[in-house]
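Residue numbers (numbering that gives the first Met the number 0): 0 to 278.
Note that the Cβ used here is the ideal one computed from N, Cα and C, for glycine as well.
So the structure is just underneath, and the comments pick up after that.
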Amino acid sequence: MLEAKRFDIRSVVKSFRTLPVEQLKPGVYQTRKNFKPQAIKELAASLETTGTNFTPLIVRPLKYADGFEIICGERRWRAAQLIGMPVLLCCIGDFTDEQALYLSGADNIQREDLNALEEAFSYELLLHSGMTHQEVAQEIGKSREHVTNYLRLLSLPLSVRDMLGSERLSYAQARPLCGLSSVGKQVQIAQEAAAKKWSSRKVVDEVNKLKMQKRPAPSAGVNEDVNIKRLKEIVAEQTGYPCAIVRTERGGWQIGFVAGTTEEFQGILDRLGVNTETL
């Protein structure tokens, strides 16, 4: 169960009043990119019937401009625009960025129509608010493995994530691709799976074939024991990206990440706490 008390949200001074629709702006932490037109139309019809929104939008004042940033409730805002509704009931508060991240992520996770990519981004929002994989899992009533598996989708190439976002590729089809180190192969299999409507079992089979073809002979003196495997899992859980950790023949250690795009590389740096703005 997601609880607002985690970030002391209940202590934020709030006010409820109607605000002009044109003063409301989409939130910077909104992970949903695809709003289904039919769902917005149905919501608009409901607003038109009732004449108001009984569930208020959660907003905060914009920092550098007039108006308010929508933290929760963008669908209602879009529906109101569709029918020309002039005002919407809002809950206004000076929420911090961490509180806004949490509220936006929590609002999205509780919706039933999220696609796999939106769910993954919602988990990422909660992580950015300061929560760990385990804490996110406990609050949403899922296993840590569930959260980590969805976050791994964010390490896939942008074109594959686009297929996930447009629902041409399902979570079950995309998940096995995370086990491939070749970005080109990830894209190739994703495109074939979407075009030929492969089952998830078929995707797993194709991925396993590629792994068998590419499997290198074990190097002398470099053994991956259970501790290294567990360490790789922990690093992947903390960063959201798969990694390679090896013990060299001279007794040293090497750790590496693979970024298929600049966006993915920046994502890895962000997770590691590297600030590139000062470069």
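| Item | Value |
| --- | --- |
| Please classify Gln37 as buried or exposed, where buried requires at least 16 other C-beta atoms within 10 Å of its C-beta. | exposed |
| Distance, Cα to Cα, Phe6 vs Leu124? | 14 Å |
| Taking a contact to mean a Cβ-Cβ separation below 7 Å, would you say Leu88 touches Thr30 in this structure? | no |
| Where DSSP assigns a beta bridge to Trp252, which residues make up the other side? | Arg246 |
| Cα-Cα, which of Trp252, Cys242, Arg9 and Val234 is closest to His132? | Val234 |
| Suppose contacts are defined by Cβ-Cβ distances below 7 Å. Is Val203 in contact with Pro175 by that definition? | yes |
| Going by beta-carbon coordinates alone, are Glu28 and Ala115 separated by less than 7 Å? | Checking the sequence shown, residue 28 turns out to be Tyr, not Glu. Cβ atoms of Tyr28 and Ala115: not closer than 7 Å. |
| When you compare the CB positions of Ala64 and Val20, do they come within less than 7 Å of one another, or not? | no |
| With a threshold of 7 Å on Cβ separation, who are the neighbours of Glu25 within its own chain once the five nearest residues in sequence on each side are excluded? | A quick correction: the sequence has Pro, not Glu, at residue 25. Around Pro25: Ile69 and Glu73. |
| How is the alpha helix (DSSP H) around Ser121 delimited, first residue to last? | Ala115 to His127 |
| Let me know the secondary structure DSSP gives Ser199 once reduced to three states. | helix |
| Going by alpha carbons, who is nearest to Ala173 out of Ser180, Ile188, Ser181 and Gly183? | Ile188 |
| For Leu153, which three-state DSSP category applies? | helix |
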